[in-house]
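**Student:** Encoded as structure tokens, here's the structure I'll be asking about.
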Amino acid sequence: MRHARTNALRKRVEGHARTSSMRERVRGHAPSVLHVLALALGFFGLPAWSDPTPAAAQGFHAVDSPMPRGEYLAHLGDCVACHSKHGGVPFAGGFPMPTPFGTLYSPNITPDRATGIGAWTSTEFYQMLHTGRSRDGTLLYPAMPFPAYTQVTREDSDALFEYLMSLKPVNQPNRQNELRFPYNNRSLMFGWRVLYFKEGTFVPVKGRSAQFNRGAYLVQGLGHCASCHSPINALGGSADDSAFAGGLIPLQNWYAPSLTSNQESGLGSWSVTDIAALLKGGASMRGAVYGPMAEVTHNSLQYLTSDDATAMSVYLKSLLELKPVPARAPLDTRPSADMLASGRTLYEARCASCHRSDGQGMPPAYPPLAGNPSIDMELSVNPLRMVLNGGYPPQTAENPRPYGMPPFAQVLSDQEVAAVVTYIRMSWGNHGSPVTPRDANAMRMAPLLD
Ligand code: HEC
Ligand code: HEC
Ligand code: HEC
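Set out below in structure tokens:
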């Protein structure tokens, strides 16, 4: 299964340009969920990218043309990612989110009165976003990112509701969750909420520009960026002071780097223009998005207006100045000379045609590996996954035909993968630590969810 898929991928990559069928490939990286109590560790599989051009997106071509406000907000919140199953009607729910505790199915949020939210009022909808309680008072699991959506203003909530109500009603009964005892008991959410949930509408920071506050509102609210970019603790909550501090996404085996650490995100040295290009276009002169972040860009961020992309970037850069990072500890492990030499040989043979011998790449088509924080951040999960599985940046209005990277899982042994990843983490001034064949093997075993 996996082999067939990988071969098919390789074939498609041969032309180096992504075809529309490549969308298939990206499906399966998912949005987040993280903050789940008992579901803790439950990054629920995530959204299939059922229909890359849901009805909602049709008719939207010009990069900066403002779509109706509610529709724009639905994109920013990435509602479609979780509320659509693969091959199903957008927003009709039924998307399975596997967790270590069982499977959760997203509900139908089309305006069908019997099976969707057609009987809801705009006040009930706002209450749900704001408090994490459904219309009948049921405590929602934080797989629905209400801990972020609580920040959304009543006005935006009403626009979002109006948009959802304008969709075609789909009669599709919600599928029962299949959670094991005791996780199927929603009263557990009381404790989780006391610990991790703070209700509250966004309040602009005094003394900061309107642009900063707009960015903060989008990142903390509808963007729900912290749901992936925060470490989750044992209970599946993320403490406030660690918001945006980086997180390993359970079950997905991808790492969402800290957005507050310059060593991990490296955003400190990026211009606002580069960050905005990365968020909206998926590729920039400094690096490309991949894995679950490619999905976020594809479904959500590519629809940002330039003003909003810039506002978010201004806010993201400010996170760095709010939190200075301690210097990185010196390396205590050195790889053997043999390993580095074999890594170099492999690199020249397999990688240099795109990323160049000097690691400078050919951006924005082929990202640089030198000075790219994605490569040398402390956790080596992401570069290992990229080398094993390959990938494509998302197809976006600004980058309509992204170039791809072939998978190497079948051509390189664990030893070779470890050698080449160690080589790129330690060359050209990169400061990463070595990886072992065992690390490579662990990632080889990681499931490709789709
Ligand atoms: C579904 C989980 C998920 C969500 C939600 C998410 N991210 Fe990410 N993000 C990731 C992962 C995984 C990576 C690492 C892969 C990469 O660099 O593209 C990443 C990478 C990034 C990077 C690149 C850092 C670098 O140094 O290359 C930026 C910037 C970023 N995310 C910003 C955001 C913003 C802003 C939001 C909210 C609008 C957001 N992310 C929401 C998972 C997520
Ligand atoms: C990361 C996945 C995810 C995203 C993104 C997401 N949802 Fe949800 N949503 C869920 C899940 C899962 C539930 C059900 C939670 C439960 O059963 O406790 C849910 C519940 C809901 C409900 C309650 C339905 C009911 O019948 O009680 C509504 C309404 C809703 N979401 C609307 C939205 C809107 C609007 C957006 C975008 C702004 C959105 N969701 C984004 C996963 C998501
Ligand atoms: C055919 C051209 C090509 C070859 C060959 C190639 N890559 Fe890539 N590489 C890319 C492209 C395109 C991306 C961006 C993919 C994405 O965003 O999903 C990428 C991304 C990456 C990344 C993630 C960095 C980032 O910012 O996106 C790493 C790490 C990486 N490549 C390492 C390697 C290594 C190591 C090899 C050799 C074993 C290799 N690549 C071979 C084209 C290539």
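Per my numbering, numbering through the sequence shown is continuous, rising by one, with the last residue being 483. For glycine and all other residues, C-beta sits at the position ideal for the given N, C-alpha and C.
Ignore the nearest five residues each way along the sequence and tell me which others in glycine 335's own chain have a CB closer than 8 Å to its CB.
**Tutor:** According to the sequence shown, residue 335 is glutamine rather than glycine. Around glutamine 335: Lys313, Gly314, Gly315, Pro427, Thr429, Ala430 and Glu431.
**Student:** Where does the unbroken alpha helix (DSSP H) through glycine 224 begin, and where does it stop?
**Tutor:** 221-229
**Student:** Taking only the alpha-carbon atoms, compute the straight-line gap between leucine 349 and leucine 292 and give it to the nearest angstrom.
**Tutor:** Distance from the CA of leucine 349 to the CA of leucine 292, rounded to the nearest whole angstrom, comes to 7 Å.
**Student:** Could you check whether the Cβ of serine 167 sits closer than 6 Å to any heavy atom belonging to ligand 2?
**Tutor:** yes
**Student:** Return helix, strand or coil for proline 397, following the three-state DSSP convention.
**Tutor:** It is coil, neither helix nor strand.
**Student:** Taking 6 Å as the cut-off, is the CB of methionine 476 close to at least one heavy atom of ligand 1?
**Tutor:** Relative to ligand 1, the beta carbon of methionine 476 is positioned no closer than 6 Å to any heavy atom.
**Student:** Compute the Euclidean distance between the alpha carbons of serine 298 and aspartate 145, then round it to the nearest angstrom.
**Tutor:** 43 Å
**Student:** Under 7 Å, do glutamate 232 and threonine 164 count as touching if we go by C-beta distance?
**Tutor:** Contact: yes.
**Student:** Please report the residue range of the alpha helix (DSSP H) in which alanine 105 lies.
**Tutor:** With the sequence shown as reference, residue 105 is identified as tyrosine, and alanine is not the correct amino acid for it. Its alpha helix (DSSP H) spans residues 102-110.
**Student:** Since leucine 137 sits in a beta bridge, which residues does DSSP pair it with?
**Tutor:** Looking at the DSSP assignment, leucine 137 forms a beta bridge with Met130.
**Student:** Leaving out five residues on either side along the sequence, give the residues of the same chain with a beta carbon under 6 Å from the beta carbon of tryptophan 287.
**Tutor:** Closer than 6 Å at the Cβ level, and outside the excluded window around tryptophan 287, lie Gly324 and Pro325.
**Student:** Strictly by DSSP, which residues pair up with glycine 211?
**Tutor:** According to the sequence shown, residue 211 is glutamate rather than glycine. In the DSSP output, where bridge partners are listed per residue, glutamate 211 has Thr136.
**Student:** Quick one: grab the DSSP three-state call for arginine 168.
**Tutor:** coil
**Student:** Give me the Cα-Cα distance between glycine 392 and leucine 251, rounded to the nearest whole angstrom.
**Tutor:** Rounded to the nearest whole angstrom, the C-alpha separation of glycine 392 and leucine 251 is 34 Å.
**Student:** Assuming phenylalanine 128 and tyrosine 138 make a contact with CB atoms under 8 Å, what is their CB distance in whole Å?
**Tutor:** 7 Å
**Student:** Indicate the three-state DSSP secondary structure (helix, strand or coil) for serine 263 in the structure shown.
**Tutor:** coil
**Student:** Helix, strand or coil: which one does DSSP assign to serine 117?
**Tutor:** strand
**Student:** Taking the alpha carbon of methionine 438 as the point to measure from, which residue in Arg458, Thr136 and Pro401 has its own alpha carbon closest?
**Tutor:** Pro401
**Student:** Could you give the distance in angstroms between the alpha-carbon of tryptophan 82 and the alpha-carbon of aspartate 371?
**Tutor:** For tryptophan 82, the predicted structure reports a pLDDT of 26, less than 50, and the residue's modelled location is therefore unreliable. A value from the coordinates is still provided. The alpha-carbon atoms of tryptophan 82 and aspartate 371 are separated by roughly 43 Å.
**Student:** Is alanine 321 helix, strand or coil when you go by DSSP?
**Tutor:** If DSSP states are grouped into helix, strand and coil, alanine 321 belongs with the strands.
**Student:** By the 10 Å Cβ neighbour count, where 16 or more other Cβ atoms means buried, how is glutamine 443 classified, buried or exposed?
**Tutor:** exposed
**Student:** Quick one: is the Cβ of isoleucine 142 within less than 6 Å of any heavy atom of ligand 2?
**Tutor:** yes
**Student:** Assuming aspartate 191 is part of the alpha helix (DSSP H), what are its boundary residues?
**Tutor:** 187-198
**Student:** In terms of DSSP beta bridges, what is alanine 342 paired with?
**Tutor:** Here alanine 342 is not bridged, per DSSP, to any residue.
**Student:** Looking at ligand 1, does it come within less than 6 Å of tryptophan 21, judged from the CB to the closest heavy atom?
**Tutor:** Residue 21 lies beyond the residue range present for the chain, which begins at 34 and ends at 483; the question has no answer from this structure.
**Student:** Tell me whether the beta-carbon of leucine 172 lies closer than 7 Å to the beta-carbon of arginine 219.
**Tutor:** yes
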